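Letter 128 of the sequence shown, counting from 1, is numbered 128 in my numbering, and no numbers are missing.
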Amino acid sequence: MASGFLFFAFGDMAAEARMEQIDPLSDLMGVSKAPDQRFTFNAQGFANLKPEPGANAWGTLWMVPATAMEALDRQAAERGLQRGVVFVISPAGPRVPATVYSNPGAEDGKPLPEMLAGAVEAAENLKLDRRFRKELSNWTA
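Below you can see the structure in the form of C-alpha cells.
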C-alpha cells in the first residue's frame, strides 16, 4: 500500500465484509478499543461515538488506502457523521491516533434494525469484549 491511514471502525463498519466493500485493499490490524468513548446510535439510527470518561467502545483497526477516504467521507455524511481522530488501543498494545467517523454533538436515538443487526453480528464474529457484546444486546431497534 503506497499511502494509507489507520481507521477505527465500529458498529456495522467493524465487519470485514463492510470494509471489503469500501476498499478490498484495506488491511485488518485487529480488534481495538477506543477508551473514553461511548458507543451509541444517533437520531438517524446509525452507530456513533461520544466522549465519556471511563467508557470503552470496541471495534476494529484497519490500515486503509488513502484512496478510500472519499468513499468513507461520503458514507459518513449520509449517516450524519464527520471525520475526526480518536486514540485507540491497538492490537499491539500502544495507544495510537486513528481516523474515525462520528458526531459527538448528535442527539442519541434508536438504531435502525439493519444497523443494530450489523453491529451485533460484527461484535459476535470478531469476539469483541463480552461486556460490550452484552451492552449491544440491550439495544432494541
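Cβ coordinates follow ideal geometry from the N, Cα and C atoms, glycine included. All values derive from a computational prediction rather than experimental measurement.
With distances taken between CB atoms, is the gap from Pro-104 to Lys-50 smaller than 8 angstroms? yes
With a CB to CB cut of under 6 angstroms and the five nearest residues on each side skipped, what residues in its chain are close to Asp-129? Trp-58
Does DSSP classify Arg-95 as helix, strand or coil? strand
Around the C-beta of Val-64, are 16 or more other C-beta atoms found within 10 angstroms, so that it is buried, or is it exposed? buried
Determine the direct distance from the alpha carbon of Asn-125 to that of Tyr-101, and round the result to whole angstroms. 22 angstroms
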